[in-house]
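J.: Just dropping this structure here.
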Amino acid sequence: MANHLTLKEKKKRREELHEKRNEEMTEETIKIYPSNWLYNAGVIGFLKVLENSGEKVEELLKDDGTVEIKRQLFERINCDEMYFSENKVSSIVGKSLLYRNYIQSGWKDGFKEFVKEMSHVEEINKCSLCGGGWLLSEDRKNRLVQTYQYMEKFFDGIERFAMRSNALLGPSEGEFPNAFWNLNSSFPVCHLCAYLMIHHHIPFESAKTQDGQIFINAPSFKMMWYLNKYASEILNKRRSYQLKQILGISFMELAQKVFTTISVWSMMNIEMVIESYNKVKKKMEIDYYSLPYNISRLLLNKNIASLISETKEDYILEIVLNGRFDSLLTLNHKVIRYIVTNSDPDKDKSLSRLKRKDNQNLKNLSQILPELYVKIDSILKER
């Protein structure tokens with residue numbers, strides 16, 4: 016029986032598994048596509064862990080919106096450090112808060128081999144989470160179970176979406192279905208998704224706002240990677256930003272630094288997912304926020320994003336976010352009048368909102384605002 020193998024026999028089995036992995040290595044990469052926000056957050060969280068481990072994540076992000084993970088990468092993952100150390104990135108053992116009973120304390124060796132085996136998953140379209148599916152072959156799965164008998168329970172647990180996948184959203188086995196998943200009591204999950212899902216909390220924890228933890232979801236992993244990176248950087252500077260400001264600034268950063276053009280379909284499918292704890296109901300809640308299409312269209316335009324950034328004034332962004340474009344011209348008239356008359360800017364309601372009121376900065380503003388208005392007007396007139 017596998018349960019009674021000696022340490023020497025177990026070591027030999029592990030070596031055989033490793034040799035078999037090397038022999039059967041097929042395609043160099045695993046190509047994965049964006050799906051629902053929960054899965055997407057798991058992928059982005061996993062990529063953040065890889066980046067912190069020294070991997071060049073940007074090379075894995077493709078312009079078509081996919082991610083291509085090098086198969087050999089799974090062989091290099093240090094499970095002891097990532098999942099079982101004091102500085103672990105995910106708590107997966109026993110009664111952990113988020114990934115409850117993902118593994119038991121005595122299952123660590125089998126889990127480590129499972130992670131290494133991810134380098135040999137095969138594409139089979141049987142996953143309701145990612146819409147595709149990457150599974151270990153029956154032979155590989157059976158070899159793991161033969162070496163570690165408890166892995167049979169492990170596979171039984173991860174192959175259906177349940178509380179071990181996410182204790183806040185996944186349904187408990189035998190209990191009432193979770194309304195978040197359209198009253199499905201559970202659904203099939205592939206082996207790769209089951210692994211990626213234990214990283215879904217990471218991008219949320221990197222972006223804590225007054226309204227809850229956020230994740231920016233989009234139709235492209237490359238877009239998601241940068242939008243969430245910028246959102247995290249923004250919140251590190253000031254946590255008091257409103258959701259629309261965070262999304263707006265992230266859009267401008269994306270337009271100026273990464274994408275010169277973004278499709279209409281992509282613009283219409285970017286949303287912020289907010290996880291927050293309802294103290295009255297004593298449970299986690301999920302909300303969604305997105306900017307109106309016309310506002311997104313403007314902020315994702317490189318020229319407009321550059322002009323707004325050049326002003327270095329939060330008030331200008333606020334005007335655009337609120338769609339009060341005529342106020343740009345009104346403000347410009349007031350700026351010019353102040354420059355000419357040298358009156359007190361703090362006595363004017365609009366001018367008092369500006370952070371920098373010295374003559375030089377106001378002169379620069381008087382040159383930027385008319386150009387910004389013209390460009391906005393031109394884009395809004397386009398079909």
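Take 16 as the starting number for the sequence shown in this note's numbering and just add one per residue. Here a beta-carbon is modelled for each residue, glycine too, at the ideal position from N, C-alpha and C.
(1) Taking buried to mean at least 16 other C-beta atoms within 10 Å of its own C-beta, is Val-12 buried or exposed?
(2) Helix, strand or coil: which one does DSSP assign to Lys-46?
(3) The alpha helix (DSSP H) spanning Ile-249 covers which residue range?
(4) Would Asp-389 be called buried (16 or more neighbouring beta carbons within 10 Å of its own) or exposed?
(5) Who are Met-287's beta bridge partners in DSSP?
(6) For Val-82 and Tyr-245, what's the separation of their Cα atoms in angstroms?
(7) How big is the Cα-Cα spacing for Lys-123 and Phe-89?
(8) Which first and last residues belong to the alpha helix (DSSP H) in which Ile-334 is found?
(9) What span of residues does the alpha helix (DSSP H) with Lys-168 cover, start to end?
(10) For the putative contact between Ser-305 and Glu-290, defined by C-beta atoms under 8 Å, what is the C-beta separation to the nearest angstrom?
(11) To which residues of the same chain is Ile-92 closer than 6 Å at the C-beta, ignoring the five residues directly before and after it?
(12) Kindly indicate which three-state DSSP category Lys-123 falls into: helix, strand or coil?
(13) Would Leu-207 and Met-133 be called neighbours here (beta carbons separated by less than 8 Å)?
(14) Could you spell out where the alpha helix (DSSP H) holding Lys-349 opens and where it closes?
(15) Under a Cβ-count criterion, where at least 16 other Cβ atoms within 10 Å of its own Cβ denotes burial, should Asn-232 be classed as buried or exposed?
(16) Entirely within the region 125-166 and at least 4 residues each: give me those alpha helix (DSSP H) ranges in chain order.
(17) Would you tell me roughly how many angstroms separate the C-alpha atoms of Lys-252 and Gly-148, rounded to the nearest one?
(18) Beta carbon of Pro-49, beta carbon of Pro-234: below 8 Å?
(19) Verify whether the separation of the beta carbon atoms of Leu-242 and Val-58 is less than 8 Å.
(20) Applying the 10 Å Cβ sphere with the 16-neighbour rule, what's the burial state of Tyr-163?
(21) Between the C-alpha atoms of Leu-75 and Met-239, what's the straight-line distance to the nearest angstrom?
(22) Helix, strand or coil for Ile-394? Go by DSSP, reduced to three states.
T.: Here's the rundown:
(1) Since the displayed the chain opens at 16 and closes at 398, residue 12 lies outside it and no answer follows.
(2) strand
(3) 236-252
(4) The amino acid occupying residue 389 in the given sequence is Val; Asp does not appear at that position. Exposed, since its Cβ has fewer than 16 Cβ neighbours within 10 Å.
(5) Ile-231 and Tyr-304
(6) 19 Å
(7) 16 Å
(8) 329-336
(9) 166-173
(10) So it is not a contact: roughly 16 Å between Cβ atoms.
(11) Val-130
(12) helix
(13) yes
(14) 341-356
(15) buried
(16) 153-162
(17) 39 Å
(18) yes
(19) no
(20) buried
(21) 13 Å
(22) helix
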